[in-house]
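Protein chains in written order, with the working numbering: chain A, 80 to 224; chain B, 548 to 740. Reviewing the structure listed below.
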Amino acid sequence: MKRLLWLAIIFGVTLPAGQLADGARRGDALFTGKETMQGTIRGHDNPLSAEVVRCVNCHGPSKRALVSRLAAPRIDRPLLLEPRQRRGGPPSRYDQASFCKLLRTGADPAYILIAREMPIYQVDDGQCASLWSYVIGKESADAKR
Amino acid sequence: MQNAEGFSRRSLLRAALVANLHPLLGAAPGIIKADHGQIKPPMPLPDMELVRHNGARTRLLPLVDGHVTAVQLIFTRCTTTCPIEGSIFQRVQKLLPDMAQRGIQLLSLSNDPEEDGPKALSAWLRRFHAGPNWIAAAPLGADLAKLNEIFGKSSDSADHSTQVQILDRHGRLVWRTFELPRAEEIALILQKV
Chain A
80 MKRLLWLAII
90 FGVTLPAGQL
100 ADGARRGDAL
110 FTGKETMQGT
120 IRGHDNPLSA
130 EVVRCVNCHG
140 PSKRALVSRL
150 AAPRIDRPLL
160 LEPRQRRGGP
170 PSRYDQASFC
180 KLLRTGADPA
190 YILIAREMPI
200 YQVDDGQCAS
210 LWSYVIGKES
220 ADAKR
Chain B
548 MQNAEGFSRR
558 SLLRAALVAN
568 LHPLLGAAPG
578 IIKADHGQIK
588 PPMPLPDMEL
598 VRHNGARTRL
608 LPLVDGHVTA
618 VQLIFTRCTT
628 TCPIEGSIFQ
638 RVQKLLPDMA
648 QRGIQLLSLS
658 NDPEEDGPKA
668 LSAWLRRFHA
678 GPNWIAAAPL
688 GADLAKLNEI
698 FGKSSDSADH
708 STQVQILDRH
718 GRLVWRTFEL
728 PRAEEIALIL
738 QKV
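Structural data, given as structure tokens:
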């Protein structure tokens, strides 16, 4: 009985944590392009090559000051989860569903289209959940500076 | 439905609509007022000195003379919109396999001449499998401001325009597309100029 209790504790606690870590790991791979995604600029007919649509291309850290005022923001937990005015709309925050909708349609939680430079992606639910796990696990980019 | 040149009726209609609904508004000589659309009258360009990806020095006007040229602004360190621009030209190239016979060429102009020497520009072209009618070049230092004034919208290299500018066979600016245009529209315009 004691052995069963230990097994329950081990699997009951570590399995979900392991799954979560797996999701974030996959999210990291999707974000950096190690696992490819298909993305298309809104209004275009053909998907761009996977290398061109990696999230990290625009949302990753830049070693040089190449980030213009039009560049995409660093994605982190506060940016997504704190209520903020985005693109002149009412305050909004992301959850997994609205994050996935953004990826697939380009519309933010307040139904405002984001910059056209960001492709719309063909992502399945699993990819989307993994990306979400990864990005909300990122602490504030400002806090790191 | 597609015509003999492989363009759908919808594409042709869309290009016609773009042409008619977005004409250049009051383009004064020497100054481009409108953001996009057909440029009437065609606007002569000032010349500028360029270094090509093969290391050869040239000037803009002789380079474009006799060709219909699609021009895009890029810089090779850019990881954001420039690779998308490169992909768009790559697709234009695929749509127009007979560019050479038609006297059409693509020109990627860097607005980061300090970094974009022949080696970087050649790597840029290789990355997108550029054919012989796709040229990359960067202005010589003093002409950078001129380039940004004509083709860009900002002196900040990281904040350049992603529009494509179309030059006619006399090196005059005749069309300016929307930001990040569809390759099909560029190909269509190139064939009509």
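In this text, a Cβ means the ideal position worked out from N, Cα and C, and glycines have one as well.
Exercise. Quick one: what's got a C-beta closer than 6 Å to Y200 of chain A's C-beta in the same chain, skipping five residues either side?
Worked result: The residues are M116, G118 and L182.
Problem set entry | Beta-carbon neighbours of R604 of chain B, restricted to chain A and to distances below 7 Å | Within 7 Å Cβ-Cβ: nothing; R604 of chain B doesn't reach chain A, min ~27 Å.
Exercise. What do you reckon, are the CB atoms on D124 of chain A and E731 of chain B nearer than 8 Å?
Worked result: Yes, these two residues count as a Cβ contact at 8 Å.
For this session: Report the option in B:V711, B:G602 and B:D663 whose CA atom is closest to the CA atom of R624 of chain B.
Result: Comparing alpha-carbon positions, the option among B:V711, B:G602 and B:D663 lying closest to R624 of chain B turns out to be B:D663.
For this session: Answer yes or no: do S212 of chain A and D187 of chain A have a C-beta to C-beta separation smaller than 8 Å?
Result: Using a Cβ distance threshold of 8 Å, S212 of chain A and D187 of chain A do not count as a contacting pair.
Problem set entry | Boundaries (first-last residue) of the beta strand (DSSP E) holding S655 of chain B | Run containing S655 of chain B: I651 to S657, per the beta strand (DSSP E) assignment.
Exercise. Which residue or residues does DSSP assign as beta-bridge partners of R156 of chain A?
Worked result: Beta-bridge partners of R156 of chain A (DSSP): none assigned.
Exercise. What residues in the stretch 629-642 of chain B bring their beta carbon closer than 7 Å to a beta carbon of chain D?
Worked result: Absent here is chain D; the protein component of the structure consists of chains A and B.
Exercise. How long is the line joining the alpha carbons of A189 of chain A and P593 of chain B, rounded to whole angstroms?
Worked result: Cα-Cα distance, rounded: 46 Å.
Exercise. Are the stretch 681-689 of chain B and the stretch 639-653 of chain B touching by the rule of at least three beta carbon pairs closer than 8 Å?
Worked result: Short answer: they touch.
Exercise. Taking 8 Å as the CB-CB cut-off, is E731 of chain B touching chain A?
Worked result: For E731 of chain B, the answer is yes, since a Cβ of chain A falls inside 8 Å of its Cβ.
Exercise. Do you know how far the Cα of L159 of chain A is from the Cα of T709 of chain B?
Worked result: Distance between the alpha carbons of T709 of chain B and L159 of chain A: 28 Å.
Exercise. Measuring CB to CB, does A715 of chain B end up less than 8 Å from V639 of chain B?
Worked result: The displayed chain sequence assigns Asp, not Ala, to residue 715 of chain B. For D715 of chain B and V639 of chain B, no; Cβs fall outside 8 Å.
Exercise. Which full runs of the beta strand (DSSP E) of 3+ residues lie inside the stretch 601-661 of chain B, going along the chain?
Worked result: Listed in chain order, they are 604-606, 615-621 and 651-657.
Exercise. Which one of A:C179, A:R156 and A:I191 has the shortest CA to CA distance from G168 of chain A?
Worked result: Closest by C-alpha distance to G168 of chain A, out of A:C179, A:R156 and A:I191, is A:I191.
For this session: Could you tell me whether the Cβ of G122 of chain A comes closer than 8 Å to any Cβ of chain B?
Result: So, interface residue.
Exercise. With 16 as the cutoff for other CB atoms within 10 Å, does K217 of chain A come out buried or exposed?
Worked result: K217 of chain A comes out buried.
Exercise. If you draw a straight line from the alpha carbon of R719 of chain B to that of L620 of chain B, how long is it in whole angstroms?
Worked result: Distance between the alpha carbons of R719 of chain B and L620 of chain B is about 17 Å.
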